[in-house]
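The next block holds one structure in the form of C-alpha cells; read it before the comments.
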Amino acid sequence: MTVNKFIRKLLDLKGLIVSVFQLKARDKNLILWVKTYKNGCLCPKCKRRCRIVRTMDCYREWRDIPVCGWSVFFRYYPREVMCPTHGRIQEEIPWAETYARITYRFEYLMLVYCQLMTQKAAARILHIPKSTLSDMLHRLIKRLRDGHRIRGLKTIGIDEISYCKGHKYATIVYDIDRSCVVWAGPGKGLESIDVFFENNLSEYQKKNIKWATCDMSRAYIGAIENHCPNATLVLDRFHIAKALNDAVDEVRKEQWRIADPDERKALKGLRWLLFKHSSNRSKKDSRTLNALSKGNRRIHRAWVLKDEFEQFWEYKAQWAGERFLKRWMTTALKSRLDPIRDFVQTLRNNQHRILPYIGSKLTNAIGEGLNRIIRIIKNRASGFRSLPAFIDMIYLTVGDVDLPAQIPNNFRTL
Ligand SMILES: [Zn+2]
3 MTVNKFIRKL LDLKGLIVSV FQLKARDKNL ILWVKTYKNG CLCPKCKRRC
53 RIVRTMDCYR EWRDIPVCGW SVFFRYYPRE VMCPTHGRIQ EEIPWAETYA
103 RITYRFEYLM LVYCQLMTQK AAARILHIPK STLSDMLHRL IKRLRDGHRI
153 RGLKTIGIDE ISYCKGHKYA TIVYDIDRSC VVWAGPGKGL ESIDVFFENN
203 LSEYQKKNIK WATCDMSRAY IGAIENHCPN ATLVLDRFHI AKALNDAVDE
253 VRKEQWRIAD PDERKALKGL RWLLFKHSSN RSKKDSRTLN ALSKGNRRIH
303 RAWVLKDEFE QFWEYKAQWA GERFLKRWMT TALKSRLDPI RDFVQTLRNN
353 QHRILPYIGS KLTNAIGEGL NRIIRIIKNR ASGFRSLPAF IDMIYLTVGD
403 VDLPAQIPNN FRTL
C-alpha cells in the first residue's frame with residue numbers, strides 16, 4: 003500500500019485520489035491535493051456530463067473535518083465546463099456544495115455539534131473561530147431551508163419567548179401534531195404574527211388549520227380568528243389556570259396589606275400552598291387551608307373557588323362543562339372579591355374559546371415543552387445578542403426540517 007493510498011483509506015476519502023499531501027507542522031495543517039476517479043465533469047445545476055473547457059488558473063481550498071489535532075484541507079484546480087443549458091460554468095465538486103469553502107463532511111459535523119453543544123465549544127473542536135462558525139452556520143441553515151414550504155399544518159400553537167435582556171421577544175409558531183417549530187420571527191404581538199400568516203401560508207393552508215391554541219393575548223387570538231376561518235381556538239388550559247392563581251394571589255396580597263402583625267404570622271407561607279393543585283396537597287396542607295375559614299374568610303373563599311374550578315377540566319361532555327362553568331361564574335361573582343370578578347369577566351368574554359377544550363383536550367403543552375428546549379439552548383449560550391443566531395438554533399434543534407439529514411448520505415460521518 004502506498005502512503006497516499008494509506009491516507010485515503012485512513013481519512014475515508016471514498017471516490018477520491020490523493021495525488022500529493024503536505025504536512026505543515028507549524029500550523030498543524032494537513033493539505034491534500036485531491037481529484038476524483040472519474041474523468042468526466044458535471045454541470046452543478048443539471049448534473050449533466052459536459053465538455054471541459056479549461057482548468058482554472060488558481061486552486062480552491064476546502065476545509066475538511068480535523069483529525070487528531072490536525073486541520074485538514076482539500077486543494078484542487080477546478081475546471082470549467084460547457085453546459086448546453088447553463089453555458090460556461092465551474093464543474094460540480096463532489097465533496098462540497100458549489101460555492102462552499104467547507105466539505106459536506108464538515109457541514110454535517112458542524113450541524114450535529116451545534117445541536118449538542120454551544121457554538122463556542124463546537125468552534126473549538128472544529129478548529130475555527132466562533133464568529134466564522136456562526137457565519138457559516140447561518141449560511142448553511144439558510145441554504146438547507148431554502149425553498150422549504152410548511153406542510154400539513156392542522157394544529158398550531160403560538161407563543162412568545164424572550165431571547166435577550168431588555169424585553170426582546172420572538173414569536174414562535176408550533177405544529178402541535180408533529181411537535182416541532184414551523185416558524186420563528188421577531189417581536190411579539192399582532193404585527194409579528196401577521197407576518198407569519200401572510201408570508202408563509204397559502205389561503206388553502208390557512209383554511210386547512212383545524213385547531214389552534216395560544217395564551218390569552220389579544221393579538222394572537224385576533225390573528226388566529228382573522229386568518230384561519232375554519233380553526234377552533236382553544237385557549238391554553240395552563241394559562242387560564244395561571245390567571246386564576248394570579249387572581250387568588252391578588253386577594254392574598256390585599257389581605258396581607260391590611261393585616262396586623264399577628265394576622266400576618268398566620269398568613270405567612272400561604273402563597274405556594276394556595277397555588278397547589280388539589281392532587282398534590284398533603285393532609286397538613288389541607289388542614290392549614292381549611293383553617294383559613296376561621297382565620298381569613300376572604301382568602302378562604304378565593305381558594306375554595308379556585309379549587310372548585312379545577313373540576314372543569316375533567317368534564318367529558320360539553321353541556322355538562324358549560325353548566326358547571328355558568329354555575330361557577332355565578333358563585334364567583336357573588337364572592338365580592340374584585341380580582342376574582344375580573345377573572346370571571348375574562349372567562350365570560352372567552353367562554354367560546356375555553357369550552358372546546360372539553361371535546362379536544364387540546365393544550366399548548368407540546369409548545370411549552372419545545373419552549374423549554376429553546377430556553378435550554380438560550381441559557382446554554384448565555385442569551386443571544388442577535389435574533390438571526392437565535393432563530394438558527396431554534397430551526398436546528400426543534401425545527402420542522404431535519405437539517406443534518408439534508409447532507410448527502412455518504413458524507414454523514416457520525
Ligand atoms: Zn447545466
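Position one of the sequence shown corresponds to residue 3 (our numbering), numbered consecutively onward. The beta carbon of each residue, even a glycine, is placed where N, CA and C say it ideally should be.
Burial state of residue i (16 or more Cβ within 10 Å)
i    : result
Y79  : exposed
G168 : exposed
W305 : buried
C70  : exposed
T438 : Not covered by the structure: residue 438. The range shown for the chain is 3 to 416.
W213 : buried
I265 : Residue identity check: residue 265 is Glu in the sequence provided, not Ile. E265 should be labelled exposed.
I260 : exposed
F240 : exposed
T415 : exposed
T173 : buried
Three-state class that DSSP yields for residue i in the structure shown
i    : result
I1   : For residue 1 there is no data in the structure shown, the boundaries of the chain being 3 and 416.
D148 : coil
K167 : coil
Y176 : strand
Y79  : coil
D59  : coil
I409 : coil
K255 : helix
R303 : helix
F345 : helix
N31  : strand
A334 : helix
M84  : strand
Integer-rounded CB distance, given that residue j should sit under 8 angstroms from residue i
i    : j    : result
L142 : A124 : L142 to A124, Cβ: 13 angstroms. No contact.
R273 : D251 : 7 angstroms
T215 : L372 : Not quite, the Cβ-Cβ distance comes to about 13 angstroms (not below 8 angstroms), so this is no contact.
C45  : I104 : Actually they are not in contact, since the Cβ atoms of C45 and I104 sit about 22 angstroms apart, beyond 8 angstroms.
H129 : S164 : With 8 angstroms as the limit, H129 and S164 do not qualify as a contact, their Cβ atoms being about 34 angstroms apart.
V183 : I158 : Contact doesn't hold; Cβ gap of about 11 angstroms is too wide.
R51  : G42  : 5 angstroms
T120 : A383 : 5 angstroms
M417 : L139 : Beyond the ends of the chain as shown, which are 3 and 416, falls residue 417; an answer cannot be given.
L327 : Q353 : 7 angstroms
Q207 : I152 : 7 angstroms
Interface flag, residue i vs chain C, CB-CB below 8 angstroms
i    : result
P390 : Of the chains in the structure shown, none is chain C; there is only one protein chain.
> For the 8 angstroms Cβ check, are there 3 or more pairs between the segment 231 to 239 and the segment 352 to 367?
Replying inline: yes
>> Residues around ligand 1, please: the ones whose beta-carbon is closer than 6 angstroms to some heavy atom of it, in chain order.
In response: C45, K47, C48, R50, C85, T87 and H88
>> Would you call the segment 197 to 214 in contact with the segment 309 to 320, where contact means no fewer than 3 C-beta pairs closer than 8 angstroms?
In response: no
> Are the segment 375 to 387 and the segment 341 to 349 in contact at 8 angstroms, needing three or more beta carbon pairs?
Replying inline: no
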